[in-house]
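The opening residue of the sequence shown carries number 25 in our numbering; numbering runs sequentially from there.
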Amino acid sequence: MSSSESAASCKVSEEPPPSSPPDPLRLVLLGRTGTGRSSSGNTILGRTAFCVNVSPSSVTTHCATHTGAVLGRRVSVVDTPGFLHTHLSPEDVMREVGRSVVMSSPGPHAFLVTLNLGRFTPEEKDALEWVKATFGPGAAMFTVVLFTWGGQLRGQRLEDFLGKSPELWEFVNSCGGYHVFENSETHETPTGSQQVIQLLNKIDEVVAKNGGSCYSNDAFKEAQRAVKDAQDRILGERRHNVDQEEEEQRSEVEKKREEEERKRVERLFWCELVTAVGKGAAEGAGILGKDEGKGKEVRKVKVMGRAAALAASPLSITSAAKAVGGAVREGSKVLYKHRKTFMKTPH
25 MSSSESAASC
35 KVSEEPPPSS
45 PPDPLRLVLL
55 GRTGTGRSSS
65 GNTILGRTAF
75 CVNVSPSSVT
85 THCATHTGAV
95 LGRRVSVVDT
105 PGFLHTHLSP
115 EDVMREVGRS
125 VVMSSPGPHA
135 FLVTLNLGRF
145 TPEEKDALEW
155 VKATFGPGAA
165 MFTVVLFTWG
175 GQLRGQRLED
185 FLGKSPELWE
195 FVNSCGGYHV
205 FENSETHETP
215 TGSQQVIQLL
225 NKIDEVVAKN
235 GGSCYSNDAF
245 KEAQRAVKDA
255 QDRILGERRH
265 NVDQEEEEQR
275 SEVEKKREEE
285 ERKRVERLFW
295 CELVTAVGKG
305 AAEGAGILGK
315 DEGKGKEVRK
325 VKVMGRAAAL
335 AASPLSITSA
345 AKAVGGAVRE
355 GSKVLYKHRK
365 TFMKTPH
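In structure tokens form, the structure reads like this:
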């Protein structure tokens, strides 16, 4: 082989191997149902990648990912079910949205939280709190708030709009950045291309602030552990409160039962006492024989005759003393019988 051929062979062997394509910019779309998540994904990718329908109910039920070339760079977008989903439970939505982190492995460079331009309602506020609760407070530095239906600003500066809601302004400032989209504009129009360029530039700034890192699956797992710990703590507190309430209810029932029993015993005592005092006074006055009140039927006529005779005779100290003595004697028996009851009864 000639020297020229050898040189050519060396030159060929020294050429570097073809480089692998750079990792795509990984984005995850989040937001309440009806805020234009899927439409925003299509606007970013410049094509109809995600299903978009005019519907009163939620359309997206599962996470979906599409990758494409966007203005000379690879971009991967994951669309997720919306918060306050019309078909899925909050637990199912949280579980499905959690898959977005895995589907954008090793993790998204940015979360795009879509919000409609308009009145900042409690539903919007709940959606923002849902993001924090699901992904943890550390996700805020990877979050870009993406306002949709930008045409509603009608020439108003976005900052002026945000300044009208302190709560919204506070949330936006806690995130990595914010941007506004008009999803009716596409890449085919200068405005559509420009708004996507501006969004990607802002996302690049967020990535640079985070040192080129992404929101990792480990960070999501840590956030989920924190959520579970909080849920367990809340459930534990609720169980404790329920147990305490049940104990208090049992205590109240027991107190009520004891009070009713005390009243019943007191009624029984007074009935016995009045009967015994009357019986003793009658025996002492000679109206009722001592053996006539012990299970033997007392003849009514005989007793009434004695009572009439006593009433007709002059009142004497002796007869009065006998009546009182009989009442005290029989009443004392009742008091002695119920002495333990009175010792237990609180005064």
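By construction, the Cβ of each residue, glycine as well, lies at the ideal position given by its N, Cα and C atoms.
Since the structure is predicted, the reported quantities are computational estimates derived from the model, not experimental observations.
| Query | Result |
| --- | --- |
| So residue 66 is in the beta strand (DSSP E); what residue range does that whole segment cover? | Segment 61-69 is the alpha helix (DSSP H) holding residue 66; no beta strand (DSSP E) there. |
| Once you ignore the five residues that flank residue 155 on each side, which residues in its own chain have a CB closer than 8 Å to its CB? | 54, 135, 137, 163, 167 |
| What is the rounded straight-line gap between the Cα of residue 67 and the Cα of residue 221? | 11 Å |
| What's the C-alpha gap between residue 63 and residue 188? | 26 Å |
| So residue 243 and residue 160 are in contact, right, with Cβ under 8 Å, and what is the actual spacing, rounded? | 7 Å |
| Are the CB atoms of residue 180 and residue 141 nearer to each other than 7 Å? | no |
| Look up residue 100 in the DSSP assignment and say whether it is helix, strand or coil. | strand |
| Measure the alpha-carbon distance for residue 50 versus residue 268 and round it to whole angstroms. | 50 Å |
| Within the segment 156-186, note down every full alpha helix (DSSP H) run reaching 4 residues or more, in order along the chain. | 182-186 |
| What residue range does the beta strand (DSSP E) around residue 140 cover? | 134-140 |
| Mind the definition here: the segment 96-107 touches the segment 67-76 only if three or more C-beta pairs lie below 8 Å; say whether that holds. | yes |
| Out of 96, 74, 97, point me to the one whose CA is closest to residue 89's CA. | 74 |
| Can you tell me whether residue 118 sits near the ligand ZN, meaning its C-beta is under 6 Å from at least one heavy atom of the ligand? | Absence of the ligand ZN is noted for the structure shown, with no ligands found whatsoever. |
| Measure the C-alpha to C-alpha separation of residue 361 and residue 349 and round it to an integer number of angstroms. | 19 Å |
| For a test of the three-state rule: what should DSSP assign to residue 106, helix, strand or coil? | coil |
| State buried or exposed for residue 173, treating a residue as buried only when at least 16 other CB atoms are found within 10 Å of its CB. | buried |
| I believe residue 129 touches residue 234 by the beta-carbon criterion, under 8 Å. Please report the beta-carbon distance rounded to the nearest angstrom. | In fact, because the Cβ distance is near 17 Å, the residues do not count as touching under 8 Å. |
| Since residue 203 sits in a beta bridge, which residues does DSSP pair it with? | 170 |
| Determine the direct distance from the alpha carbon of residue 116 to that of residue 206, and round the result to whole angstroms. | 30 Å |
| So what's residue 93 in DSSP terms, helix, strand or just coil? | strand |
| Which first and last residues belong to the beta strand (DSSP E) in which residue 51 is found? | 49-55 |
| Consult DSSP for residue 73 and reduce its assignment to one of helix, strand or coil. | coil |
| What's the C-alpha gap between residue 1 and residue 352? | Examination of residue 1 is not possible in this model, given that the chain is present from 25 through 371 alone. |
| Can you tell me where the alpha helix (DSSP H) holding residue 119 begins and where it ends? | 114-127 |
| How close, in whole Å, do the beta carbons of residue 144 and residue 191 come, if the pair is a contact with beta carbons under 8 Å? | 6 Å |
| How would you write the range of the alpha helix (DSSP H) that residue 454 sits in, first residue to last? | Past the edges of the chain, shown from 25 to 371, lies residue 454, and the structure says nothing about it. |
| To the nearest angstrom, report how far apart residue 227 and residue 184 are at their CA atoms. | 22 Å |
| Please report how far the alpha carbon of residue 149 lies from the alpha carbon of residue 237, in whole angstroms. | 28 Å |
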